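Protein chains in written order, with the numbering used here: chain V, -5 to 188; chain H, -5 to 188.
This report refers to the structure that appears directly beneath it.
Protein chains: 2
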Amino acid sequence: MTTTLDDLAGPGPQPEQDARTRVLETAYRLFYRDGLRATGIDRIIAESGVAKMSFYRHFPSKQALVDACLALRHERWNGWLEDSLRDAPDARAWLAALPDALEGWFRSPWFRGCAFINCHAEAGADAPPMAVAHVRALAARLEQRCRDAGLTRPEVRATELMLVVEGAIVRAQMAGADAAMPPLRGLFARVLAD
Amino acid sequence: MTTTLDDLAGPGPQPEQDARTRVLETAYRLFYRDGLRATGIDRIIAESGVAKMSFYRHFPSKQALVDACLALRHERWNGWLEDSLRDAPDARAWLAALPDALEGWFRSPWFRGCAFINCHAEAGADAPPMAVAHVRALAARLEQRCRDAGLTRPEVRATELMLVVEGAIVRAQMAGADAAMPPLRGLFARVLAD
DNA sequence: CTTGAGCAAGACAGATCTGTCTGTCAACAT
DNA sequence: ATGTTGACAGACAGATCTGTCTTGCTCAAG
């Protein structure tokens, strides 16, 4: 069971799923595609084919649904990254293959940037803590990989790689994957070289 | 007359200004601080101390006000960058001093990331064209500076610097200036060194 | 003094958003 | 057979949002 890019922001729920799953999958897709504030409850209700009371039975409020979507996103994104770099024999190869994995994401037809960066950009100080927690978790993972790879000054390298990854995500969002990939590969190679 | 950081997202309008200016300055501040969708017309009306009809006399719609704020932001941000790097004797020094200028911005009490990245993150495909135009203009300016500095492969360096700048802005937004500045300086030095 | 422009204050309409409530139906267990 | 549970459908309330309209005030030019 591998995590595909479609799972990251795919075509939406299947009709045979139960009400809660359909709501969650529909919201997951619409929140990412159109934004949190721009997506109303009524739209999620209509597109998931669910009664309003069924929605409020499973989620006490819209904010609870947002939190559930972000938690699902966090889990799926981490799983997708893990699967994409499963073949790397060691930490060094894992880091070197990271741009390839990101490129597959950037070229996905539903790519619209990092859901957590977008959430934080939209909500500002009111953003759910999951937003910063996600990027902090990724930074911690990068630092651990740099340490495992035996790089010199691993925490310095990790912060540089983290900045490059986030920059590439935003660059792919604003200017497209073709604009983001060459500098991403070049900078990654430089940071990993020494 | 220099452009200060306060002008980028400062304390707001002065009461002696005319109605249009007060609306524009209030919206400029609230849109950046709270987001476009989260800021309603009524709030702008109330905080700028202006009648609703006075608002709609100067701006035909909320979208027109958003566009005017983005255009003002574009102009002020470019002016601020120009002023901050005015002392650089040549293009090479200009590029080397860019992280210092950015740090001043990141540590401003009203810093909340790039208004155009945030706008694009919030509105997605419906974002006004000014959003991508701003980052494209900055990329073009970086490339020209790289060319003027006599760097080898200036277009490659410029795209790398652009990715680093955008990454630093997002990193400062998500994790603070202290997390963004060391990798920003390190990567800048590496790209400019050769 | 009159007249007209600009502005403040606020009512109003229509749409939309969140959240609650009622009613109906099908599946299922006792 | 009967009660329970989950779900669909949709009305409804209250708030909020955009945009229009009316009224009255001030000030300056003619």
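No residue lacks a Cβ here, since even glycine has one placed at the ideal position from N, Cα and C.
On a predicted model such as this, the values are computed, not experimentally measured, just so you know.
In this structure, the CA atom of glutamate 116 (chain V) is about 13 Å from the CA atom of alanine 121 (chain H). Between valine 185 (chain V) and leucine 66 (chain H), the CB-CB gap reaches or exceeds 9 Å.
With three or more CB-CB distances shorter than 8 Å, the segment 151 to 169 of chain V counts as touching the segment 125 to 135 of chain V.
Residue V:Ile39 holds the alpha-carbon nearest to the alpha-carbon of threonine 15 (chain V) among V:Ile39, V:Tyr26, V:Gly34, V:Leu30. Residues of the segment 127 to 154 of chain V that bring their beta carbon within less than 8 Å of a beta carbon in chain H comprise Val129, Arg130, Ala133, Val150, Thr153, Glu154, in sequence order. Scanning chain H for C-beta atoms nearer than 9 Å to the C-beta of valine 60 (chain V) yields nothing, as the closest lies near 14 Å away. Of the residues V:Ala166, V:Asp12, V:Tyr22, the one whose Cα lies closest to the Cα of glutamate 97 (chain V) is V:Ala166. Cβ neighbours of proline 148 (chain V) within its own chain (closer than 8 Å, five residues either side excluded): Glu137, Cys140, Arg141. Neighbours of glutamate 41 (chain H) in chain V, taken as residues at a C-beta separation under 7 Å, are lacking, since the least C-beta distance is about 17 Å. At least one C-beta of chain V is nearer than 9 Å to the C-beta of isoleucine 111 (chain H). In this structure the segment 71 to 91 of chain H does not lie against the segment 27 to 44 of chain H, because fewer than three pairs of beta carbons, one per stretch, are closer than 8 Å. A Cβ of chain H is located within less than 9 Å of the beta carbon of glutamate 116 (chain V).
The beta carbon of valine 44 (chain V) is closer than 7 Å to those of Ala13, Arg16, Val17 in its chain, skipping five residues each way along the sequence. By the rule that beta-carbons nearer than 9 Å mark a contact, glutamine 57 (chain H) does not touch chain V.
Closest by C-alpha distance to glutamate 69 (chain V), out of V:Ala174, V:His128, V:Phe53, V:Ala82, is V:His128.
Take serine 78 (chain H), set aside five residues on each side of it, and the residues of its chain with a beta-carbon closer than 6 Å to its own are Ala95, in chain order.
For arginine 27 (chain H), the chain V residues whose C-beta falls within less than 9 Å of its own C-beta are Gly118, Ala119, listed in chain order. Under the three-state reduction of DSSP output, serine 102 (chain V) falls in the coil class, being neither helix nor strand.
Secondary structure of leucine 24 (chain V) (DSSP, three-state): helix. The distance from the Cβ of valine 164 (chain V) to that of glutamate 160 (chain H) is about 5 Å, consistent with a contact at the 8 Å cut-off. Straight-line spacing of the CA atoms in threonine 146 (chain H) and glutamate 19 (chain V) works out to 49 Å.
Residue contact with chain V for leucine 157 (chain H): present (Cβ-Cβ distance below 9 Å to some residue of chain V).
At a cut-off of 9 Å, the C-beta of alanine 13 (chain H) has no neighbouring C-beta in chain V.
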